[in-house]
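Heads up: the sequence shown at position 7 corresponds to 6 in numbering that gives the first Met the number 0, and the numbers run straight through without jumps.
Cβ coordinates follow ideal geometry from the N, Cα and C atoms, glycine included.
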Amino acid sequence: MFDRLHVETPVLGAANAIVIIGGAGGVGSIAIQLARKLTNLTVIATASRPETQAWARDLGAHHVIDHSKPIAAQVEALGIGAPGFVFSTTNSDAHLAEVATLIAPQGRFALIDDPKTLDVMLLKRKSISLHWELMFTRALFKTPDMDAQHRILNKVSELVDEGTIKTTLADDFGPINAANLKRAHALIESGRAKGKIVLSGF
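Here's what the structure looks like:
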């Protein structure tokens, strides 16, 4: 959000707001907290079940909408205007048309998942900038700012240690083994997970 989307630099004419798609997942759960604690953005998170909607609200989302229904209409119904930022953590291809509709002209859209295809032409009319984040890019290409990921992770750990943000650990499935890996994957694939699922040790 800070490194790629530059959320601290407003989009002129846009609502000072961010939509976080997949707000109850592991990444979304941290993103909600960072946006709420470190910016003055209005945080709109998506979650589709009562328990994940409650989770997103508890983490600090100002508004929670249901990504299993048309997102753009729900954002419009909030009455705050077209958000300048959208951060998608999952199913970006399925939500792209909604993103293109809801986001303000010249807004910024970031994603972290791996859609098979992405029709970026949907973003052209509004001159939406597209920002992809892969945390290994700097290391893979040995970029001059390769230590940035180290600094980012240290900053997040400081925020956790000082209590500014809280852990998003939701389930601990015990040691790493085939059975627990299958359980974890089954939960993730079911679409019913929230926060982070942890396995540790052998």
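Taking the alpha-carbon of residue i as reference, which of the options has the nearest alpha-carbon?
i: L4; options: E132, E50, D118; result: E132
i: I232; options: A13, G21, P9, D2; result: Coverage of the chain is limited to positions 0 through 201, which leaves residue 232 absent and any answer about it impossible.
i: F1; options: P174, I151, I164, E157; result: I151
i: I79; options: Q52, S67, T41, A169; result: T41
i: L168; options: K193, L33, S189, M145; result: K193
i: H130; options: A109, V159, H66; result: A109
i: A44; options: K36, L37, G24, V6; result: G24
i: A147; options: A60, M134, E157, V159; result: M134
i: T38; options: S156, A53, N15, L95; result: N15
i: A81; options: L121, P104, I29; result: P104
i: K68; options: D57, H94, P49, A178; result: H94
i: G173; options: G27, A183, K165; result: A183
i: T238; options: K36, S28, I70; result: As shown, the chain starts at 0 and ends at 201. That puts residue 238 outside it, with no answer to give.
i: T116; options: N90, K141, D57; result: N90
With a threshold of 16 other CB atoms inside 10 Å of the CB of residue i, please say whether the residue is buried or exposed.
i: I31; result: buried
i: P18; result: For the record, residue 18 in the displayed sequence is Val; it is not Pro. Buried: at least 16 other Cβ atoms inside 10 Å.
i: E97; result: buried
i: H149; result: exposed
i: S189; result: exposed
i: I70; result: buried
i: A185; result: exposed
For residue i and residue j, I'd like the C-alpha separation in whole angstroms.
i: G106; j: A72; result: 18 angstroms
i: V74; j: L139; result: 37 angstroms
i: I102; j: F84; result: 7 angstroms
i: T163; j: E7; result: 18 angstroms
i: S156; j: A34; result: 16 angstroms
i: P9; j: V197; result: 36 angstroms
i: S128; j: A178; result: 42 angstroms
i: L11; j: M145; result: 31 angstroms
i: G59; j: D118; result: 32 angstroms
i: A76; j: T100; result: 13 angstroms
i: H61; j: L121; result: 28 angstroms
i: V26; j: S47; result: 16 angstroms
Measure how close the beta-carbons of residue i and residue j come, nearest whole angstrom, since I'm counting them as under 8 angstroms.
i: D112; j: T88; result: 6 angstroms
Which runs of the beta strand (DSSP E) fall wholly inside the region 63-115 and span at least 3 residues, in chain order?
82-87, 107-110
Taking the runs of the alpha helix (DSSP H) that are 4 residues or longer, which of them lie wholly in the region 110-158?
136-140
If you scan the region 29-60 from start to end, which runs of the beta strand (DSSP E) of 3 or more residues do you find wholly inside it?
41-45
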